[in-house]
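Taking it in order: structure first as structure tokens, then the write-up.
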Amino acid sequence: MTSKRPAFSIEKALDADIPAMVELLAGLFTLEADFTPDAAKQAAGLSTLIREKNALVLTARQENRVIGMVTVQGLISTAEGGEVGLLEDLVVKEGLRGRGIGTTLIQEAIRWSRDQGMTRIQLLADRSNTQALVFYHHTGWQATQLVALRHPIPMKET
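Just so you know, the UniProt record's numbering puts 89 at position 89 of the sequence shown, and the rest follows in order with no gaps.
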């Protein structure tokens, strides 16, 4: 007996999707040592991205439920001499991974980036998330020699 893969669709995210996407991000952030889930911050960031002209937020849906998501936004690269894409969030609901949902979300993010005239798409992944690293390698991503660093910017006192 063969099992039929459940159908899913890829759609642009709406404000109504934010609570489900925040829940997905909470699961992702528990795997990433550098991030702590904060529902209010994630909701604010998603709301901003949904409205941003130079960004894309997609959801994967099954039976009208959000089961996955990806975000990508443009930035200028002096190395490329133009715009590139930054894929920041890719997550598929646990228990539904390995069914092509993440691959389809990545393909759509790359297609959108190409349609915007971007010449490269990049992402950061937690070095201890071996499942994600294997997945990215399998879907054509290449490791670089770059090291990610960050510096927090304190809020101005009012």
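For each residue, glycine too, the CB sits at the ideal point set by N, CA and C. Just so we're clear, the structure is a prediction, and the values are computed from it rather than from any experiment.
Check	Outcome
Less than 6 Å between C-beta atoms, sequence neighbours within five positions excluded: which residues of the same chain meet that for D89?	T71
Could you check where the alpha helix (DSSP H) with V134 kicks off and where it finishes?	T130 to H138
Starting from K12, follow the beta strand (DSSP E) in both directions and report where the run begins and ends.	S9 to K12
Exposed or buried, what is I18 when buried is set at 16 or more other beta-carbons lying within 10 Å of its beta-carbon?	buried
Taking Q107 as the reference, give the member of A79, E83, Y136 and G81 with the closest Cα.	Y136
Do M118 and G140 have their C-beta atoms closer together than 8 Å?	no
Say whether the stretch 90–110 touches the stretch 55–73, bearing in mind that this needs 3 or more beta-carbon pairs closer than 8 Å, one atom from each stretch.	yes
What's the C-alpha gap between R114 and P152?	31 Å
Per DSSP, which residues does E83 bridge with? Please list them.	I76
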